[in-house]
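Right, one structure below, let's go through it.
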Amino acid sequence: MHGFFDVVFGAVLGAVIAWIRIAFGGAFDEWIILGDWTRPTIAVLALVVAVRIHPEPADNCPCFDDSVAFIGVVMGAAIGTWHFAQITPYHETALWELYTFNNSNLIKAAARILAGIVVVFLWRAVMKPTLLRGLPPIFRFVDYYGLAIPRRYFLQPKDYNTVPPLRKDDNVIPPASDIPAFMTSLRHPRKRTVSIGPQSEADAREYIAYREHKRRNSRDELRQRTTPTSKSGPATRSALSSSPIAEQSDEGASAATQRPHSPPHLGDSPPGKRRTPSSPYSTSLHVDPNDPNLLTPPPSEAGASNSSDSGREDDQQQLREEDKEMFSQLEKPRIRYDVEVVTKLVVYAGIAWWAVVGNPVWFEWAGLV
24 MHGFFDVVFG AVLGAVIAWI RIAFGGAFDE WIILGDWTRP TIAVLALVVA VRIHPEPADN
84 CPCFDDSVAF IGVVMGAAIG TWHFAQITPY HETALWELYT FNNSNLIKAA ARILAGIVVV
144 FLWRAVMKPT LLRGLPPIFR FVDYYGLAIP RRYFLQPKDY NTVPPLRKDD NVIPPASDIP
204 AFMTSLRHPR KRTVSIGPQS EADAREYIAY REHKRRNSRD ELRQRTTPTS KSGPATRSAL
264 SSSPIAEQSD EGASAATQRP HSPPHLGDSP PGKRRTPSSP YSTSLHVDPN DPNLLTPPPS
324 EAGASNSSDS GREDDQQQLR EEDKEMFSQL EKPRIRYDVE VVTKLVVYAG IAWWAVVGNP
384 VWFEWAGLV
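Set out below in structure tokens:
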């Protein structure tokens with residue numbers, strides 16, 4: 024799905040983002056904490072624009088879903104830090120001073136970790152089906168006035184009524200029912216297998232493009248080898264003029280000019296006698312009546328072109344059949360709905376809000392701080 028260039032560019036992009044966060048993260052957090060509600064609103068709107076202008080993936084892969092989940096977390100963290108600062112008595116401080124957990128008690132620290140994980144799964148279990156059930160009518164209303172945000176590989180609300188239960192729709196946090204199988208795979212990992220052939224639609228289209236590139240190169244090389252060169256330089260012309268054949272032709276031409284009144288004939292020798300090579304007219308035309316190629320017509324160019332076109336069409340048909348078979352063997356992706364994008368944004372923004380606001384508040388109330 025991803026090539027070497029994708030890995031290198033992703034590593035460079037991650038390093039740049041980390042540097043920006045280290046260099047300017049403190050200033051950004053202070054700007055959020057010390058301002059009013061308009062500052063987190065500006066941050067959220069900027070992130071919504073980032074989701075809208077996100078490039079379309081080459082195939083139906085989870086790349087866009089992972090990006091939406093990441094942006095949702097940043098949204099929730101921006102809203103949550105501002106909210107937690109407003110409910111803290113001394114909120115005009117650095118971000119790290121807002122959270123005063125006593126980590127010396129290992130039992131309380133472990134209890135906070137387990138309670139936080141439970142909150143994450145409960146939040147998603149409640150909000151996800153609620154949003155998938157309530158957002159389609161809102162999306163249809165928006166689409167009616169031409170404000171839809173269509174994306175590739177996502178079904179529009181006008182094309183469905185309800186969203187069925189979805190499986191394998193989250194690549195970041197698995198559902199709670201998959202945790203036992205995940206733990207089993209950790210204890211007994213699968214053996215490494217080798218995949219042969221294209222594994223996705225992007226791989227298949229890349230294979231077809233590379234095949235066409237090789238065919239074009241082979242045709243160009245063949246055309247260059249078979250096309251005669253029409254340009255000859257001065258050196259070539261001088262070499263041809265100094266050859267023995269050219270000299271012999273010049274002698275014949277001069278002799279012919281000296282005998283302008285000789286009658287035209289195929290040969291100057293009497294019938295039954297062969298001209299010796301020393302004769303000045305040895306370059307005159309001689310036709311052998313017993314030559315078997317004398318009455319053989321040249322091959323038809325139309326027949327050759329028709330057979331070549333027929334063979335080329337057969338090759339194209341065979342390639343189309345092979346491409347069809349290759350695409351039929353790929354795993355069919357599930358139907359994806361446009362409401363999943365907003366659902367993922369809200370769910371992961373809520374997870375971040377619980378992490379920075381909700382959990383610290385009820386942890387203190389429950390005596391886990």
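The opening position of the sequence shown corresponds to residue 24 in the numbering used here, with each subsequent residue numbered one higher.
Here a beta-carbon is modelled for each residue, glycine too, at the ideal position from N, C-alpha and C.
Please read these numbers as outputs of a predicted model, since none were measured by experiment.
query                                                                                                        : result
Contact check, Ala138 vs Leu121, beta carbons under 8 Å                                                      : no
With 16 other Cβ atoms within 10 Å as the buried cut-off, status of Leu368                                   : buried
Span separating the alpha-carbon of Ile130 from that of Leu391                                               : 9 Å
Bridge partner(s) assigned by DSSP for Arg359                                                                : Phe177
Buried versus exposed, by CB contacts within 10 Å (16 or more), Ile45                                        : exposed
Where Ser208 sits in the DSSP three-state scheme                                                             : helix
Proximity winner among Ile94, Ala100, Asp88 and Phe144, relative to Arg175 (alpha-carbon distances)          : Asp88
Buried versus exposed, by CB contacts within 10 Å (16 or more), Thr366                                       : buried
Start-to-end residues for the alpha helix (DSSP H) that takes in Ser90                                       : Cys86 to Ile110
Touching by the beta-carbon criterion (3+ pairs, under 8 Å), the region 93-110 and the region 370-377        : yes
Cβ-Cβ separation, Pro159 to Val379 (assumed contact under 8 Å), whole Å                                      : About 31 Å separates the two Cβ atoms, so there is no contact after all.
Reduced DSSP secondary structure (H/G/I, E/B, other) of Gly117                                               : One detail in the question is off: residue 117 reads as Ala in this sequence, not Gly. Residue state, collapsed to three classes: coil.
Ala148, buried or exposed, once every other Cβ within 10 Å from all chains shown has been counted against 16 : exposed
Residues near Ala232 in its chain [Cβ-Cβ closer than 6 Å; skip 5 each side]                                  : none
Proximity to Trp146 [Cα-Cα], best of Trp385, His77 and Trp377                                                : Trp377
Assigned exposure category for Pro180 - 16 Cβ within 10 Å defines buried                                     : buried
Proximal residues to Pro300 (C-beta, below 7 Å), its chain only, five neighbours per side dropped            : Residue confidence for Pro300 is low, a pLDDT of 48 falling below 50, so the modelled location carries little weight; the figure read from the coordinates is stated next. None.
Alpha-carbon to alpha-carbon, Asp337 and Ala92                                                               : 49 Å
Arg343 to Asp182 span [Cα, whole Å]                                                                          : 31 Å
Exposed unless 16 or more other CB atoms sit within 10 angstroms - verdict on Phe162                         : buried
Boundaries (first-last residue) of the alpha helix (DSSP H) holding Leu57                                    : No alpha helix (DSSP H) contains Leu57, which DSSP labels as neither H nor E.
Euclidean distance between Cα positions of Pro341 and Arg238                                                 : The amino acid occupying residue 341 in the given sequence is Gln; Pro does not appear at that position. One C-alpha to the other measures close to 15 Å.
Which of helix, strand or coil DSSP assigns to Glu79                                                         : coil
CB of His77 within 8 Å of CB of Ser90, strictly                                                              : yes
Rounded distance between the beta-carbons of Ile110 and Pro63, thought under 8 Å                             : With 8 Å as the limit, Pro63 and Ile110 do not qualify as a contact, their Cβ atoms being about 14 Å apart.
Span separating the alpha-carbon of Phe32 from that of Pro80                                                 : 16 Å
Neighbour-count burial assignment, Ala73, 16 or more Cβ in a 10 Å radius                                     : exposed
Alpha-carbon spacing of Gly26 relative to Ile40, whole angstroms                                             : 21 Å
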